[in-house]
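Note sheet for the following structure.
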Amino acid sequence: MRKRSRLGLLWFILTIAWMAFIFMKSDEPYSVQDVKPALGSVVSEEQLLRYIPRWEFYYGGSLVSWREPYHFVEFFIRKGGHVAEFALLTVLLILTLSARVRSKGLVAAGSGLIAVLYACSDEWHQTFVPGRTGHLADVAVDSIGVVLVLAAYLIVVAIRRRRVR
């Protein structure tokens with residue numbers, strides 16, 4: 001097997017493994033993923049209140065408020081996790097597709113499309129998990145990770161093309 005083919009197979013396996021990890025985490029009830037107790041053991045509400053912004057907003061029909069500091073911080077930790085997990089998925093998809101597809105534009109488009117479709121399926125999957133809900137807004141959050149990686153990838157591609165000329 002050629003080196004490029006072996007590397008492509010490795011990236012493909014890692015991509016599928018990461019998708020399986022996302023699926024397994026989405027299959028857990030919220031209570032298993034609740035980080036508020038861990039936050040409470042590290043920092044007091046009073047300490048958090050000194051540093052968090054005084055923001056309140058609705059997300060998925062629920063109020064997210066600085067007045068509940070553990071919930072507020074957990075919200076941003078969880079959404080940051082969404083961005084990170086789909087950013088990594090996009091990186092893996094780019095590496096997987098790059099092993100087979102020469103066109104950088106097709107690699108970017110294919111990676112982005114697959115990642116966003118997987119985000120949609122992930123949220124749909126959560127509608128079947130007790131204690132979880134699927135939100136279209138979470139697909140948008142996941143897509144932030146996808147877009148950030150695609151932007152970085154396309155910038156690198158453009159810089160490399162300029163250097164070659």
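Numbering follows full-length UniProt numbering, in which position 79 of the sequence shown is assigned residue number 79; successive positions increment by one, without gaps. C-beta: ideal position from N, C-alpha, C; glycine also.
Out of the options, state which residue places its alpha-carbon closest to the alpha-carbon of residue i.
i, options, result
"Val107", "Val129, Ala119, Leu92 and Cys120", "Leu92"
"Ile77", "Val101, Leu39 and Val43", "Leu39"
"Asp34", "Ser111, Tyr70, Gly134 and Leu88", "Tyr70"
"Val32", "Ala84, Leu150, Val129 and Ser62", "Val129"
"Phe21", "Gly131, Glu85, Thr133 and Gln126", "Glu85"
"His125", "Met24, Trp18, Arg4 and Lys3", "Met24"
"Met19", "Gly131, Ala99, Arg161 and His82", "His82"
"Gly156", "Gly105, Gly110, Gly131 and Arg132", "In the sequence as presented, Gly is not what sits at residue 156; that position holds Val. Among Gly105, Gly110, Gly131 and Arg132, the Cα nearest to that of Val156 belongs to Gly105."
"Glu46", "Tyr59, Leu63, Arg4 and Glu68", "Glu68"
"Ala131", "Arg161, Trp55 and Tyr30", "According to the sequence shown, residue 131 is Gly rather than Ala. The shortest C-alpha separation from Gly131 is found at Tyr30."
"Ile114", "Lys36, Lys79, Leu150 and Leu49", "Leu150"
"Val139", "Gly110, Ala87 and Leu48", "Ala87"
"Arg161", "Ser65, Ser103 and Val64", "Ser103"
"Lys3", "Arg100, His135 and Lys79", "Arg100"
"Ile52", "Gly60, Ile13 and Val64", "Val64"
At what residues does the alpha helix (DSSP H) containing residue i begin and finish?
i, result
"Phe128", "Run containing Phe128: none; DSSP gives neither H nor E here."
Taking the continuous beta strand (DSSP E) assigned at residue i, which residues delimit it?
i, result
"Ser62", "Ser62 to Ser65"
Would you call residue i buried or exposed, if buried means 16 or more other Cβ atoms sit within 10 Å of its Cβ?
i, result
"Tyr153", "buried"
"Glu28", "exposed"
"Phe57", "exposed"
"residue 176", "Nothing can be reported for residue 176, as the shown portion of the chain is limited to 1 through 165."
"residue 175", "Lying outside 1 to 165, the shown extent of the chain, residue 175 is not represented and no answer is given."
"Leu89", "buried"
"Ser41", "exposed"
"Thr133", "exposed"
"Ser111", "buried"
"Ser44", "exposed"
"Thr127", "exposed"
"Ser62", "exposed"
Would you call the region 140-155 in contact with the region 99-119, where contact means no fewer than 3 C-beta pairs closer than 8 angstroms? Touching, yes, given that three or more Cβ pairs across the two stretches are closer than 8 angstroms.
Decide yes or no for the touch test of the region 88-103 against the region 6-13: beta carbon pairs closer than 8 angstroms, at least 3 of them. yes
Ignoring anything shorter than 4 residues or poking outside the UniProt domain "VanZ-like" (12-155), list the alpha helix (DSSP H) runs there in chain order. 30-33, 36-42, 45-51, 69-98 and 104-126
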